[in-house]
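Enquirer: So the sequences go chain by chain: A and B.
If you use my numbering, the first sequence corresponds to residues 1 to 241, in order.
If you use my numbering, the second sequence corresponds to residues 242 to 482, in order.
Take a look at the following structure, please.
2 protein chains.
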Amino acid sequence: MAKLSQLPLYRQVMREVLAEIQAGTWREDEALPSEIDLGARFGVSQGTVRKALDELVVEDVLQRRQGVGTFVTGVRDYLAEAGFSSLTGDGSMAPSFELLGCVKIHAGEALAEMLGLRRGATLWQVRRLIRLQGRLIGLEEMLLPEAQFPVLDVRRIRELKCNLRALCWLDFGVRLKDGDLRLRAVGASAAEAKLLQVELNEPLLQLVRLARDFEGRPQMWSVAWIRTEQVAFEPPPGGTG
Amino acid sequence: MAKLSQLPLYRQVMREVLAEIQAGTWREDEALPSEIDLGARFGVSQGTVRKALDELVVEDVLQRRQGVGTFVTGVRDYLAEAGFSSLTGDGSMAPSFELLGCVKIHAGEALAEMLGLRRGATLWQVRRLIRLQGRLIGLEEMLLPEAQFPVLDVRRIRELKCNLRALCWLDFGVRLKDGDLRLRAVGASAAEAKLLQVELNEPLLQLVRLARDFEGRPQMWSVAWIRTEQVAFEPPPGGTG
DNA sequence: CAGTGGTCTAGACCACCGG
DNA sequence: CGGTGGTCTAGACCACTGT
């Protein structure tokens with residue numbers, strides 16, 4: 001591989017590998033060729049391949065298993081990755097989800113700007129309930145441009161356990177990367193209070209995220225409201241994925 | 242450097258470098274010897290030194306400047322590193338702090354257990370106000386074992402702009418590493434309401450952190466309450482430091 | 001310019017895993 | 001056992017910085 005455009009070789013290898021993954025050459029949880037083989041294919045040494053894969057491991061695109069191979073990481077759900085720790089006792093638990101609905105809406109000015117769309121663009125609004133050991137603890141609303149994801153099937157969403165990032169990847173070939181998380185404490189509005197079965201103005205933890213594809217284009221805006229009377233929220237490590 | 246105790250060479254180099262930093266061989270914002278020189282000193286190659294330093298850069302202990310050198314990272318304040326973004330307009334701002342007080346208290350059962358101390362152990366309780374462009378937005382309470390940090394001087398705390406991690410490092414040689422953050426939305430109690438000038442039960446974002454030294458011993462417990470009517474909280478990248 | 005970090009190689013050996 | 005990731009070297013050259 002010749003050195004192009006001032007980009008280090010290992011960066012180019014990264015890009016190639018990412019492109020192959022996006023193209024579906026290696027499926028989820030499937031082993032890549034060995035570092036030596038990849039080196040031969042790209043015309044670089046094992047060390048250079050290794051450095052490239054290192055970066056992708058850090059970005060949580062790949063995972064290594066010593067003596068076995070290097071694997072494509074499954075697309076994880078941000079909230080499913082997060083921990084919820086009970087205030088009494090230290091155990092950290094994983095949430096489950098229940099699809100509430102999936103409808104088309106039109107972007108207001110603020111939303112359109114955040115997603116880089118024109119005002120009034122059609123969006124998918126997907127809402128899900130968040131449960132912890134069966135107990136209702138939260139609500140999340142996700143918005144995606146309909147132009148990018150023309151068909152969202154309720155059955156399919158349920159099949160993937162409400163993991164929209166997996167859906168974007170498996171059905172549309174778009175790998176999303178979470179941007180920075182923004183947090184607030186807010187009082188429950190009437191709608192939230194009803195859905196979450198809490199009093200009006202009950203404090204709720206609000207999580208706002210903007211996910212982008214690997215080219216940096218915004219693709220999914222999401223807001224979650226979490227009841228934290230009984231549990232604390234622990235952001236997943238890394239912050240991005 | 243001979244290979245000891247099954248530990249990879251670069252891990253041993255990491256430990257040596259960390260020890261030197263803790264011993265004060267290289268001061269904050271001071272350049273380390275070059276990678277080649279370090280390699281000569283430890284009897285390893287430049288590549289191995291580099292891998293060791295890579296890890297310490299990831300852990301935010303060191304910083305590199307190409308063409309200049311490798312420097313010891315200043316000890317940062319978790320909240321000072323975090324961003325606060327206004328809900329109107331995207332600018333992210335850094336907070337400032339005001340020391341409220343510094344007194345000795347005695348650990349209750351829960352606190353003692355979390356800090357690995359006996360019940361009733363003496364603790365320093367340090368409280369500070371958090372301001373954003375002068376506006377009061379939060380309150381933080383930090384607890385440290387008095388046995389580990391016998392003298393906490395109010396003047397000194399103010400001098401370091403309420404950065405207790407810097408104080409622990411500079412005055413006691415203890416480098417703290419933040420553990421996972423836990424978040425909740427809570428209603429303001431009477432005490433918090435008064436200090437933060439909000440209504441009783443006003444929703445506040447609660448941040449709980451446990452910082453440990455590099456041997457993993459808990460050393461600082463802290464709880465912060467943030468007003469998020471006007472701003473959102475953005476956790477600093479990495480989560481640890 | 002000299003000195004630093006940043007990249008890259010070819011080859012070696014080790015540690016681990018599965019058949 | 002063979003194949004994989006994990007570590008390490010000696011040496012080379014590039015890219016950047018400060019003087």
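We put the CB at the ideal spot given by N, CA and C, even for glycine.
None of these values were measured; they are calculated from a predicted model.
Bridge partners of S333/B, per DSSP?
Expert: As a working mapping, residue 333/B is identified with position 92 in the second sequence. Answer is S326/B, bridged to S333/B.
Enquirer: What are the start and end residues of the alpha helix (DSSP H) that includes A224/A?
Expert: Counting from 1 along the first sequence, the entry for residue 224/A is found at position 224. Counting along the chain, A224/A falls outside any alpha helix (DSSP H), though it belongs to the beta strand (DSSP E) covering P218 to R227.
Enquirer: Between which two residues does the alpha helix (DSSP H) harbouring E354/B extend?
Expert: Translated into the one-based positions of the second sequence, residue 354/B becomes position 113. Taken as a continuous stretch (DSSP letters only), the alpha helix (DSSP H) holding E354/B covers E350 to M355.
Enquirer: Since V242/A contacts L204/A with CB under 8 Å, what's their CB separation in whole angstroms?
Expert: As shown, chain A starts at 1 and ends at 241. That puts residue 242/A outside it, with no answer to give.
Enquirer: Skipping 5 residues on each side, what residues in its chain have a beta carbon closer than 6 Å to that of T481/B?
Expert: As a working note, residue 481/B is residue 240 in the second sequence. The pLDDT assigned to T481/B is 47, lower than 50, so where the model puts this residue is not dependable; a value taken from the coordinates is nonetheless given after this. For T481/B, where only same-chain residues beyond five positions count, the Cβ hits under 6 Å are K418 and D419.
Enquirer: By the three-class DSSP mapping on this structure, what secondary structure does T240/A have?
Expert: As a first step, residue 240/A must be located in the first sequence, where it is residue number 240. In this prediction, T240/A has a pLDDT of 48, which is less than 50 and means its spatial position is unreliable; what the coordinates show is noted afterwards. Note: T240/A maps to coil in three-state DSSP.
Enquirer: Do A351/B and R359/B have their C-beta atoms within less than 8 Å of each other?
Expert: Counting from one through the second sequence, the residue named residue 351/B turns up at place 110. Counting from one through the second sequence, the residue named residue 359/B turns up at place 118. No, Cβ-Cβ distance for A351/B and R359/B is not below 8 Å.
Enquirer: Using 8 Å for Cβ pairs, my map puts E381/B next to R397/B. What's the rounded Cβ distance?
Expert: Within the second sequence, the letter at position 140 stands for residue 381/B. Within the second sequence, the letter at position 156 stands for residue 397/B. Actually they are not in contact, since the Cβ atoms of E381/B and R397/B sit about 18 Å apart, beyond 8 Å.
Enquirer: How many angstroms separate the CA atom of F214/A from the CA atom of T70/A?
Expert: In the first sequence, residue 214/A corresponds to position 214, counting from 1. In the first sequence, residue 70/A corresponds to position 70, counting from 1. Rounded to whole angstroms, F214/A to T70/A spans 21 Å at the Cα level.
Enquirer: Let me see if you follow: with CB-CB separation under 8 Å, is V290/B close to chain A or not?
Expert: By one-based count along the second sequence, residue 290/B stands at place 49. No, its Cβ sits nowhere closer than 8 Å to a Cβ of chain A.
Enquirer: Measuring alpha carbon to alpha carbon, tell me which residue in P145/A, D77/A and G47/A is nearest W124/A.
Expert: Position 124 of the first sequence, counted from the start, is the residue given in the question as residue 124/A. Checked all of P145/A, D77/A and G47/A; the closest Cα to W124/A is P145/A.
Enquirer: Give the residues of chain B in contact with P218/A, contact being defined as C-beta atoms less than 8 Å apart.
Expert: Your numbering for residue 218/A matches position 218 in the first sequence. Going along chain B, no residue has its Cβ under 8 Å from P218/A, so there is no contact; the nearest lies around 13 Å.
Enquirer: How would you call G379/B, buried or exposed, if buried means at least 16 neighbouring beta carbons within 10 angstroms?
Expert: Here residue 379/B is taken as the residue at index 138 of the second sequence, counted from 1. Burial call: buried.
Enquirer: Note down, in chain order, each residue of its chain lying with its Cβ closer than 8 Å to the Cβ of L401/B, except the 5 sequence neighbours on either side.
Expert: Taking the second sequence and counting its residues from 1, the one referred to as residue 401/B is at position 160. Counting only Cβ-Cβ distances below 8 Å, and skipping sequence neighbours, we find A407, L408 and L411.
Enquirer: Sort out for me which residues DSSP pairs I346/B with in a bridge.
Expert: Counting from 1 along the second sequence, the entry for residue 346/B is found at position 105. Paired residue(s): L364/B.
Enquirer: From I371/B to C403/B, what does the alpha carbon distance come to, in whole angstroms?
Expert: The residue you call residue 371/B lines up with position 130 of the second sequence. The residue you call residue 403/B lines up with position 162 of the second sequence. I371/B and C403/B: Cα-Cα distance of roughly 10 Å.
Enquirer: Could you run through the stretch 452-476 of chain B and flag, in chain order, every residue whose CB is less than 7 Å away from some CB of chain A?
Expert: Listed by position along the chain: T469, A473, F474, E475 and P476.
Enquirer: Apart from the five residues on each side of it in sequence, which residues of its chain come closer than 7 Å, Cβ to Cβ, to E98/A?
Expert: Walking along the first sequence from the start, residue 98/A turns up at place 98. If we look at E98/A and ignore the five residues flanking it on each side, its Cβ neighbours are R128, L129 and R131.
Enquirer: If the cut is a Cβ gap below 7 Å, which residues of chain B does D180/A touch?
Expert: Taking the first residue of the first sequence as 1, we reach residue 180/A at position 180. Simply E475.
Enquirer: Helix, strand or coil, according to DSSP, for E98/A in the structure here?
Expert: Working through the first sequence from its first residue, we reach residue 98/A at position 98. Correct three-state label for E98/A: strand.
Enquirer: Could you tell me the distance, in whole angstroms, from the CA atom of G280/B to the CA atom of Q307/B?
Expert: Position 39 of the second sequence, counted from the first residue, corresponds to residue 280/B. Position 66 of the second sequence, counted from the first residue, corresponds to residue 307/B. Approximately 18 Å between the Cα atoms of the pair.
Enquirer: Helix or strand or just coil, what does DSSP make of K402/B?
Expert: Here residue 402/B refers to the residue found at position 161 of the second sequence. Three-state result, K402/B: coil.
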